[in-house]
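Heads up: the structure comes next, in structure tokens.
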Amino acid sequence: MTDRAAFLDRIRSEMARARGVGGAAQRGELAPRPARPREIAETLRRELAERWRETLEKFRVEFERVAGVYHGVASVDDVPDVIGAIARERDSRRAIAWHPAALGVDWRSALSTHGLTTVAMPAAGVESAVERQALRDLIAAADIGVTGVDLAVAETGSLVLRSGSGRPRSTSLLPPYHVAVFDRHALVESLAQAGIFLEAWHEVSSEGREDASGRGGVINFITGPSRTADIELTLTRGVHGPKEVHAIFVEGGLGG
Amino acid sequence: MVTCLGDLFYPEVGVRIVRLLRRLGVTVDFPAGQTCCGLPLFNSGYHAEAAEVARRTLPLFRDSQHVVVPSGSCAWMVKHEYPGLMKDSPLRAEAERLASRTYELSQFLVSVLGKTRFSSAVAGRVTYHDSCHLRRGLGESESPRTLLRNLQGAEFVELPASDECCGFGGSFAVRLPEVSSSIVDRKLANVEAAGAACLVACDAGCLMQMGGRLRRRNSPIRAMHLAEVLEADVG
Amino acid sequence: MTELTTPFRQRAAAALDDAFLRQALTIATTKFIDLRREAFDEFPEGEALRDRARAIKEATLQRLDHYLGQLIDNIERRGGHVHYADTAADARRIILDIARRTGARLAVKSKSMATEEIELNEALLEAGVTPVETDLGEYIIQLAHEKPSHIIAPAIHKTKGQVAELFAKELKREVAADPEELTRIARVELRDKFLAADLGITGANFAVADTGTVVLVTNEGNGRMVTSLPRVHVAVMGVEKVIPSMSDLVVFLAILAKSATGQKLSSYTTLVQGPRRAGELEGAEEFHLVLLDNGRVKQIGGTLREALACLRCGACLNVCPVYRQIGGHAYGYTYPGPIGILLTAMLHGGEAVTDLAHASSLCGACLDACPVRIDIPRMLIELRNENVEHEVAPRGERLVFRLFARLLTRPRLFRLAASLGRLAQRPFTRGGAIRGLPGLFGEWTRTRDLPPVARQTFTERWASLEREA
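If you read the protein sequences in the order shown, they are chains A, B and C. Under our numbering, the residue at position 43 of the first sequence is numbered 43, and the numbers go up by one with no gaps. Under our numbering, the residue at position 233 of the second sequence is numbered 233, and the numbers go up by one with no gaps. Under our numbering, the residue at position 197 of the third sequence is numbered 197, and the numbers go up by one with no gaps.
As structure tokens, this is what we get:
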């Protein structure tokens with residue numbers, strides 16, 4: 001079997017052949033990259049804070065275009081009412097949620113007044129296989145998954161969620177109804193800006209280290225519910241992932 | 001440049017073009033010794049042979065100020081592929097020069113002569129098929145439309161999916177005749193939907209394909225070259 | 001006539017006789033065309049982004065070893081493993097080894113043309129690992145024991161009735177021919193598999209070198225399931241899919257889904273970075289990336305280099321007049337449509353496409369639609385040229401064309417041929433049109449009239465035309 005050196009060597013010799021033959025007709029050019037993405041992302045955040053209303057409106061339009069259900073509330077205390085209403089309309093009793101540390105707030109008792117039993121995801125991994133299985137069964141049986149949002153991309157109506165401690169992937173994936181709660185700090189206007197944040201999140205410090213604390217192995221751009229048109233091009237939702245995505249915007253901010 | 005199909009099968013188109021251009025004040029010459037631009041050879045992969053044909057063809061037009069071609073595909077061959085075929089040949093500069101002086105008919109009328117309004121040789125509705133080499137190869141979809149929209153005495157209607165291939169593709173039409181025929185049937189369904197009595201194109205290959213199928217189906221719709229529809233310049 | 005009738009032509013003719021297939025293809029491809037057009041109509045930056053995307057692919061190819069090296073380093077830094085497959089057989093062996101070592105019995109697969117290409121499923125089955133396709137379209141064709149017929153909509157050729165029958169047979173109960181119901185059934189059936197599987201297998205739409213990220217573009221959620229729930233995740237990826245940075249990634253994301261389905265983004269764009277991290281509840285414990293050559297590397301300096309930019313979006317299939325008539329199966333290989341012909345040549349050599357290279361009228365619609373502007377017609381012509389020069393094209397054909405070439409370089413012979421044609425056509429000409437010709441020309445006249453060679457060619461008329469002036 002081939003190893004790295006042999007594999008790359010062969011590629012190098014083919015590349016040399018390309019240069020000899022006069023190679024490509026086209027000029028190559030990579031996308032420009034921000035030199036200090038974290039700084040730029042900070043600056044961007046500050047600028048966007050000034051026009052968050054426009055960005056929010058654009059987000060709402062695009063989010064609804066991809067069949068997202070948008071809700072706006074004034075304060076973080078209003079959120080359980082909205083989730084409660086969503087649950088009631090769908091006859092849902094069981095919810096799972098990111099760990100309160102990840103959400104920045106704990107709505108569990110408020111939600112229980114709406115008849116919704118909410119289990120918070122653990123702050124870290126779960127060691128025992130038995131516990132893990134039990135948790136998995138619980139997640140698989142939940143109706144609603146409540147998460148936060150790292151970025152809300154207005155151009156495409158997308159929610160960007162990073163996995164990590166207390167914010168497992170399944171919360172926004174297994175239950176049929178995904179409810180994502182965010183505030184103005186998550187808003188970005190475009191994919192290009194989201195790209196700056198992706199760069200920033202991976203920026204390597206001067207010591208050559210990437211800040212990966214609490215961070216998980218996956219970043220998801222979620223644009224509407226799960227869908228397919230594989231059967232006679234008829235669109236259906238909720239194939240493997242959620243059949244509905246709700247976004248609750250909290251004007252007063254999430255605090256955390 | 002009359003083109004092989006034009007010379008053999010549609011000489012009337014060439015005759016009308018010569019007369020039309022003369023009436024517009026253009027001195028028209030027909031350099032002797034023309035056969036074909038070599039596109040059929042090129043497209044089937046016979047590049048050495050296509051280069052031979054190009055080498056023979058280039059000097060014929062050495063003294064021509066403009067070269068007008070009734071087929072978009074042949075114009076494309078000269079403008080797009082001749083320079084490449086001649087890239088290692090002393091005729092390379094000549095090929096570039098010819099490329100820059102070659103025009104498909106509608107391009108010549110509209111962009112070079114600035115003539116856009118003609119009386120129509122046919123009455124009723126006319127529609128237009130965008131041949132692939134003219135539209136995608138040469139980026140030309142406006143000049144024919146300008147001429148057809150401004151036709152005095154005929155009504156132009158857009159053809160749905162006008163830029164979909166007619167299925168000619170040169171030897172494709174006889175290598176995969178079943179597929180070629182299905183493709184042209186789809187094209188003709190759109191032509192019928194457009195409700196036009198006359199289907200205009202700027203390429204002999206397309207006309208052969210669409211016209212041939214229309215005739216076989218005993219259709220009253222006539223496939224005509226642009227030159228057969230333009231009667232006289234009305235300024 | 002047998003020399004004219006190739007196996008491809010026969011398969012194409014058979015596909016043309018399938019009325020449902022043609023209807024399904026017309027509806028689906030027309031819909032995709034409209035969706036793509038609408039998406040780009042409202043996206044004026046799109047044209048410039050396409051150029052930029054192509055430039056990124058080119059710049060990457062020019063330093064491919066460097067970026068692959070970077071990708072490998074970063075994946076390993078995150079605790080993942082990288083494997084090197086020169087051939088499809090190598091790739092299968094690598095994956096089977098991983099499956100055996102990890103004791104995998106059930107594998108769930110997210111849609112991956114690369115795994116189709118290496119024919120992985122059969123090998124897994126033989127090794128005692130059950131592969132389950134989880135993309136709904138792939139699941140359907142897996143049940144039907146068929147290959148995908150479109151790069152992104154694999155079951156486009158199946159009616160809902162046929163799907164219902166397949167599900168009924170699999171589940172041993174009655175199933176309604178209703179897409180909603182069928183989707184719901186798939187959700188339930190496959191959910192169990194996701195939760196029980198030991199091994200998750202995916203492809204990769206991109207891999208970002210400087211962060212060791214594998215990117216999956218999906219709509220159903222199966223990509224997320226497959227990379228989060230099973231213990232082991234194996235991603236199979238052609239070497240040409242690597243891109244340098246996240247900034248490059250977002251350029252491609254902006255145009256990929258729009259080209260494929262008209263969506264701004266697919267429902268899920270999943271960036272996977274190695275196995276699960278400390279403190280994470282879910283995610284694979286082991287992450288493996290299998291880098292696949294299988295004919296790609298040779299093209300870095302080859303005729304088909306441009307085809308390495310392909311994003312596997314399927315836009316070229318949707319606009320191809322040939323694909324739209326015959327569908328994917330008639331092509332006979334893993335990848336159908338315009339890009340499929342080039343990929344088949346890449347994977348199996350120029351001799352594999354002696355007839356497929358002619359499955360094109362060279363209309364250029366594919367080039368128009370391709371998000372990275374791959375000049376497919378040019379490369380098809382190159383393949384045809386190579387087959388002529390390597391004498392792979394049939395001898396009879398080469399004789400005819402060379403004769404033809406001789407006519408075209410000798411005007412007197414050309415004129416003579418015209419006169420002979422005029423004579424020869426007489427018995428076949430009726431009412432000003434030619435029908436019922438023998439031989440090669442019969443391929444035309446079976447369905448179309450031919451105009452006769454004119455009584456006087458233009459050349460013959462020129463003398464009098466000149467005098468008119």
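Note that beta-carbon positions come from the ideal geometry of N, C-alpha and C, so glycine has one too. Computed from a predicted structure; not experimentally measured.
Nearest-angstrom Cα separation, counted from L367/C out to V15/B: Locating residue 15/B in the second sequence gives position 15, counting from the first residue. Locating residue 367/C in the third sequence gives position 367, counting from the first residue. When rounded, the distance between both Cα atoms is 36 angstroms.
From the beta carbon of R9/C, is the nearest beta carbon of chain A less than 7 angstroms away? Along the third sequence, one-based indexing puts residue 9/C at 9. No - not a single Cβ of chain A is within 7 angstroms of the one on R9/C.
Alpha-carbon to alpha-carbon, R215/A and H114/A: Against the first sequence, residue 114/A aligns to sequence position 114. Against the first sequence, residue 215/A aligns to sequence position 215. Whole-angstrom Cα-Cα distance: 32 angstroms.
Tell me the residue span of the alpha helix (DSSP H) that contains T344/C. For the purposes of this step, residue 344/C is identified with residue 344 of the third sequence, where counting begins at 1. Looking at the DSSP string, the run of the alpha helix (DSSP H) that includes T344/C is G337 to H348.
For chain A, is any of its Cβ atoms less than 7 angstroms away from the one on G137/C? The residue given as residue 137/C occupies position 137 in the third sequence. Closer than 7 angstroms: yes.
Does the distance from the C-beta atom of E180/C to that of T236/A stay below 7 angstroms? For the purposes of this step, residue 180/C is identified with residue 180 of the third sequence, where counting begins at 1. For the purposes of this step, residue 236/A is identified with residue 236 of the first sequence, where counting begins at 1. Yes, they are a contact pair.
What residues of chain B sit near P411/C, judged by a beta carbon separation below 8 angstroms? Here the question's residue 411/C lines up with position 411 in the third sequence. A32, G33, Q34 and T35, listed in chain order.
Taking the alpha carbon of M225/C as the reference point, which residue from A204/C, T183/C, A209/C and E282/C has its own alpha carbon closest? Reading the third sequence from its first residue, position 225 is the one you call residue 225/C. When only C-alpha atoms are compared, the closest one is E282/C.
7 angstroms Cβ cutoff met for I75/C and L289/C: As a working note, residue 75/C is residue 75 in the third sequence. As a working note, residue 289/C is residue 289 in the third sequence. Result yes, Cβ atoms of I75/C and L289/C sit closer than 7 angstroms.
Buried/exposed call for R19/A, threshold 16 Cβ in 10 Å: Numbered from its first residue, the first sequence carries residue 19/A at position 19. Counting Cβ neighbours within 10 Å, R19/A comes out exposed, since fewer than 16 surround it.
Name the one or two DSSP bridge partners that G124/B has. As a working note, residue 124/B is residue 124 in the second sequence. Its beta-bridge partners are A154/B.
Identify the contact partners of S226/A in chain C, using a Cβ-Cβ distance below 8 angstroms as the criterion. In the first sequence, the residue the question calls residue 226/A occupies position 226. Within 8 angstroms Cβ-Cβ: N219, E220, G221, S267 and Y268.
By the 7 angstroms beta-carbon criterion, what residues does the segment 70–88 of chain C contribute toward chain B? none
T171/A to A141/A span [Cα, whole Å]: The residue given as residue 171/A occupies position 171 in the first sequence. The residue given as residue 141/A occupies position 141 in the first sequence. In a straight line, the C-alpha of T171/A is about 11 angstroms away from that of A141/A.
Would you check if the segment 179–194 of chain C and the segment 156–172 of chain A touch, i.e. whether three or more CB-CB distances between them fall below 8 angstroms? no
Can you grab the Cα-Cα spacing for the pair D7/B / C37/B, in whole Å? As a position in the second sequence, residue 7/B is number 7, starting the count at 1. As a position in the second sequence, residue 37/B is number 37, starting the count at 1. Roughly 12 angstroms between the two C-alpha positions.
Buried versus exposed call for F32/C [16 or more other C-beta atoms within 10 Å across all chains shown]: On the third sequence, residue 32/C is found 32 positions in, with the first residue counted as 1. By the neighbour-count rule (16 or more Cβ atoms within 10 Å), F32/C is buried.
For S109/A, which residues in chain C fall below 9 angstroms Cβ to Cβ? On the first sequence, residue 109/A is found 109 positions in, with the first residue counted as 1. The premise fails here: S109/A is roughly 23 angstroms from chain C at the closest Cβ pair, so nothing lies under 9 angstroms.
Under three-state DSSP, which class holds L7/C? As a first step, residue 7/C is located in the third sequence; it is residue number 7 there, counting from the start. It should be noted that the sequence gives Pro, not Leu, for residue 7/C. Helix.
Give the residues of chain C in contact with R12/A, contact being defined as C-beta atoms less than 8 angstroms apart. Translated into the one-based positions of the first sequence, residue 12/A becomes position 12. Residues of chain C passing the Cβ test: D65.
Let me see if you follow: with CB-CB separation under 7 angstroms, is G22/A close to chain C or not? Here residue 22/A refers to the residue found at position 22 of the first sequence. With a pLDDT of only 43 at G22/A, under the threshold of 50, the placement of this residue in the model should not be trusted, and no figure is reported.
Could you tell me if G327/C is buried or exposed, where buried requires 16 or more neighbouring beta carbons within 10 angstroms of its beta carbon? Here residue 327/C corresponds to residue number 327 of the third sequence, with the count starting at 1. G327/C comes out buried.
Per the DSSP calculation, T146/B is bridged to which residue(s)? Translated into positions along the second sequence, residue 146/B becomes position 146. According to DSSP, which records beta bridges pairwise, T146/B is partnered with nothing at all.
Report buried or exposed for F20/C, applying the criterion of at least 16 other Cβ atoms within 10 angstroms of its Cβ. What you label residue 20/C is simply residue 20 of the third sequence in a count that begins at 1. It counts as exposed.
When you compare the CB positions of V179/B and Q325/C, do they come within less than 7 angstroms of one another, or not? Residue 179/B sits at position 179 when you count from the first residue of the second sequence. Residue 325/C sits at position 325 when you count from the first residue of the third sequence. Taking 7 angstroms as the Cβ cut-off, V179/B and Q325/C qualify as a contacting pair.
Coarse secondary structure for L207/B, derived from DSSP in three states: Translated into the one-based positions of the second sequence, residue 207/B becomes position 207. Helix.
Tell me the DSSP secondary structure of P470/C in three-state form. Nothing in the structure corresponds to residue 470/C, since chain C is present only between 1 and 469.
If you measure from the beta carbon of R277/C to each beta carbon in chain A, is any gap under 7 angstroms? By 1-based counting over the third sequence, the position of residue 277/C is 277. Interface criterion met: the Cβ of R277/C is under 7 angstroms from a Cβ in chain A.
With hydrogens ignored, establish whether the beta-carbon of A13/C is closer than 6 angstroms to any heavy atom of the ligand SAM. In the structure on display, the ligand SAM does not appear, and there are no ligands present to speak of.
Could you tell me whether the Cβ atoms of P177/B and E443/C are closer together than 7 angstroms? Numbered from 1 along the second sequence, position 177 holds the residue referred to as residue 177/B. Numbered from 1 along the third sequence, position 443 holds the residue referred to as residue 443/C. If you check the CB distance, P177/B and E443/C come in under 7 angstroms.
Spatially closest choice to F221/A from I40/A, F63/A and M15/A, by CA coordinates: Mapped onto the first sequence, residue 221/A falls at position 221. Out of I40/A, F63/A and M15/A, F63/A has the C-alpha closest to the C-alpha of F221/A.
Counting only beta-carbon separations shorter than 7 angstroms, does R169/A have a partner in chain C? Reading the first sequence from its first residue, position 169 is the one you call residue 169/A. Output row for R169/A: interface = yes.
Do you know offhand how far E42/A's Cα is from E155/A's? The count along the first sequence starts at 1 and reaches residue 42/A at position 42. The count along the first sequence starts at 1 and reaches residue 155/A at position 155. Taking the straight line joining both Cα atoms gives about 20 angstroms.
With distances taken from CA atoms, which of P338/C, R402/C, G349/C and E351/C is nearest T374/C? Within the third sequence, numbered from 1, the residue matching residue 374/C stands at position 374. Per the sequence shown, the amino acid found at residue 374/C is Ile instead of Thr. Taking only the C-alpha atoms, the option nearest I374/C is P338/C.
Straight-line CA distance for Q23/C to G84/A? Sequence index remark: in the third sequence, residue 23/C carries index 23 (1-based). Sequence index remark: in the first sequence, residue 84/A carries index 84 (1-based). Near 46 angstroms, if we compare the C-alpha coordinates of G84/A and Q23/C.
If you measure from the beta carbon of F108/B to each beta carbon in chain C, is any gap under 7 angstroms? The residue you call residue 108/B lines up with position 108 of the second sequence. Chain C contact via Cβ: absent.
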